[in-house]
């Protein structure tokens with residue numbers, strides 16, 4: 012049975028599931044990017060901690076490179092950015108969980124309705 016033969020409410024559920032799946036993929040991508048950035052920050056922080064105290068340190072802001080007063084100042088900035096990313100990842104994980112729950116709910120509803128249709132019942136009918 013193609014989606015063209017399905018009742019409109021089932022077609023809508025399928026479309027909703029597809030949209031949620033797309034959203035889940037976008038969130039997974041954002042989470043992956045945030046995790047990669049966290050790793051980069053961790054590596055940079057470790058390198059700065061091992062550097063000589065009198066070494067010059069710089070940070071890029073877009074197309075501009077700015078010298079920092081000290082490596083400690085830069086370490087603080089990077090650690091703050093890392094903490095912000097950790098919070099972002101936590102938020103993304105919560106969003107991911109909610110979407111997964113909703114996707115499972117939709118999948119169960121669709122499965123139930125399809126079974127009713129195969130059994131000769133009408134979608135939405137109490138079984």
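In the numbering used here, the protein residues as written are 12 to 138. Cβ atoms here follow ideal geometry from the backbone N, Cα and C, with glycine treated the same way.
May I have the straight-line CA-CA distance separating residue i from residue j, to the nearest angstrom?
| i | j | result |
| --- | --- | --- |
| residue 85 | residue 55 | 10 Å |
| residue 126 | residue 110 | 24 Å |
| residue 72 | residue 94 | 19 Å |
| residue 91 | residue 46 | 15 Å |
| residue 99 | residue 65 | 34 Å |
| residue 48 | residue 97 | 10 Å |
| residue 42 | residue 122 | 30 Å |
| residue 101 | residue 75 | 31 Å |
| residue 77 | residue 70 | 5 Å |
| residue 88 | residue 60 | 13 Å |
| residue 53 | residue 105 | 23 Å |
| residue 107 | residue 40 | 11 Å |
| residue 26 | residue 44 | 27 Å |
| residue 58 | residue 33 | 38 Å |
| residue 23 | residue 130 | 21 Å |
| residue 120 | residue 35 | 19 Å |
Looking only at its own chain, which residues have a Cβ that is under 6 Å from the Cβ of residue i, when we skip the five neighbours before and after it?
| i | result |
| --- | --- |
| residue 50 | none |
| residue 68 | 79, 82 and 85 |
Under 8 Å Cβ to Cβ from residue i, same chain only, skipping five residues before and after it: list those, please.
| i | result |
| --- | --- |
| residue 118 | 28 |
| residue 31 | 110, 113, 114 and 117 |
| residue 62 | 68 and 82 |
With respect to the alpha helix (DSSP H) encompassing residue i, which residues constitute its N-terminal and C-terminal limits?
| i | result |
| --- | --- |
| residue 97 | 82-129 |
| residue 145 | This structure cannot speak to residue 145, because the chain is shown only from 12 to 138. |
Based on Cα-Cα distance, which residue from the options lies nearest to residue i?
| i | options | result |
| --- | --- | --- |
| residue 37 | 23, 58 and 103 | 103 |
Along the beta strand (DSSP E) that carries residue i, what are the first and last residues, could you check?
| i | result |
| --- | --- |
| residue 64 | Run containing residue 64: none; DSSP gives neither H nor E here. |
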